[in-house]
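What follows is a short report on a single structure.
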Amino acid sequence: MRVDVVIIGGGAVGSAAAYFLRSHRRACSVAVIERDSAYKLASTPRASGGVRRLFSLPENIALSNFSIPFFERFDSDMAVGGEAAAINFRKGGYLFIVPPASVHDLERNFKVQKANGVNVDWLDRDGLKVIDILAHHPSTAKFISLGLARHFVAENPPQALVDRMAQTFTKTDGDLRAVMETMFRSPEFLSEAAWESRVKSPLEMAASTIRALGGEMTDAFATVQKVSEMGQMLYAKLEPTGYPDVAETWLGATAVIARMNFGAAVASGQVPGVSIDASRWQGMDSSAIAKALLGHEPSPQTLEALATGLEGRNPSPAVVASLVLGSPDFERR
Ligand SMILES: Cc1cc2nc3c(=O)[nH]c(=O)nc-3n(C[C@H](O)[C@H](O)[C@H](O)COP(=O)(O)OP(=O)(O)OC[C@H]3O[C@@H](n4cnc5c(N)ncnc54)[C@H](O)[C@@H]3O)c2cc1C
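Residue numbers (the working numbering): 47 to 379.
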């Protein structure tokens, strides 16, 4: 085989060089030689994937200005056989707050960025007062208290608790440690109703599954993909509100199956980058395995479901573990 250009290494730089050589000089033939088809050792799949434009040099800004429309078209331009090359390109923003000594540098960079087409705004002290007014608005105290009580106590937390937390917020000028203390010491937090009242998010589900199984993680890539399949693509929520902290967000039919599959896959050692030691279950019956995974006695419903699911079979500990990890007992925190 004879080609005009050979590129060694098919990471972002090698692939981009090949792509632009081919798109600008169509007559030129290019071969990319990559030794690692899984890109396990390459930098490219490890990158955070951010395209920053807030540079101090026009050359850097020009490079980013060029790459943004390229990434916007990436899904369709790089489609293979009609299948989009989805990279979930999202646009976000930065807020820099600097001490007086750094204002000069920031202002100089701001002017360079503005002159080079970056959508950037300058807020002075008066502009920042808007944030101060918002921070002291009574609605902010209620909103933050509701969010915390929802996360730690109940999806619809008692109003009296939220009100007490909001009072602490206002009294302490937003001291979150004090707000949390009000919540942790409340009868509502310590009540039976708050015990395992919340459904785990996909990230919590993945972390608690691996922890319950005593897993060792050497590479998070496959787990992060599984968390996406469960419905929570990390760092990719478009709206600044983040994912809603309510159970129905995570309990669509596909997501529930993905949750159960994840437990089964980790328990049987099939998630790349995560290893578990199944020997710890040697000699344990199914209710002992359930207790070890849940950290407490399984509920009668879970025990009954286990007995029905395993009836007449002689299952391996991994099968028992997958059933427990897919049970409603494990779904909740
Ligand atoms: C954690 C992390 C976060 C990052 N975040 C960002 C970010 O947000 N924004 C940003 O712009 N950059 C970021 N970067 C930097 C960016 O990822 C790298 O600069 C870029 O991916 C480098 O691409 P590359 O093609 O030069 O190298 P690589 O991606 O490492 O590719 C080199 C390839 O060459 C292959 N190779 C090497 N030797 C041979 C050989 N002899 N024969 C055949 N193949 C060979 C390797 O297998 C590899 O696949 C980040 C990097 C890391 C590690």
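Where a beta carbon is used, it is the ideal one built from N, C-alpha and C, also for glycine.
The stretch 314-352 is shown to contain whole alpha helix (DSSP H) runs of 4 or more residues at 332-340, in chain order.
In this structure M229 is not in contact with P248, their Cβ atoms being roughly 25 Å apart against a cut-off of 8 Å. Using a cutoff of 6 Å, the CB of D82 counts as near ligand 1, since one of the ligand's heavy atoms is closer than that.
Relative to ligand 1, the nearest heavy atom lies less than 6 Å away from the CB of I79. Spatial neighbours of C74 in its own chain (CB-CB distance under 8 Å, excluding positions within 5 residues in sequence) are listed in chain order as D50, V51, L67, R68.
Closest in alpha carbon position to Q328, among A338, A64, V320, S148, is A338. Non-local C-beta neighbours of T264 in its own chain, meaning closer than 6 Å and more than five positions away in sequence, comprise G319, ordered along the chain.
About 6 Å separates the CB atoms of I114 and V97; that is less than 8 Å, so the two are in contact. Inside the stretch 183-231, DSSP marks whole alpha helix (DSSP H) runs of 4 or more residues at positions 184-198, 205-217, 222-230, from first to last along the chain. Collapsing the DSSP output to three states places M276 in coil.
Using a 10 angstroms sphere on the CB of Q347, the tally of other CB atoms stays under 16, which defines it as exposed. With a cut-off of 8 Å on Cβ pairs, the stretch 360-372 is in contact with the stretch 297-314, counting three or more such pairs. Per DSSP, the beta bridge partners of E129 are V126.
For A364, the CB contacts under 7 Å within the same chain, skipping 5 residues up- and downstream, are A313, S314, A324 in chain order.
By a beta-carbon distance limit of 8 Å, G57 does not contact A108. Their separation comes to about 22 Å. Counting along the chain, no beta strand (DSSP E) covers V292, and no H or E run does either. Annotation for A258: the continuous alpha helix (DSSP H) segment containing it runs 248-258. Cα atoms of A84 and V176: separation of roughly 49 Å, rounded to the nearest angstrom.
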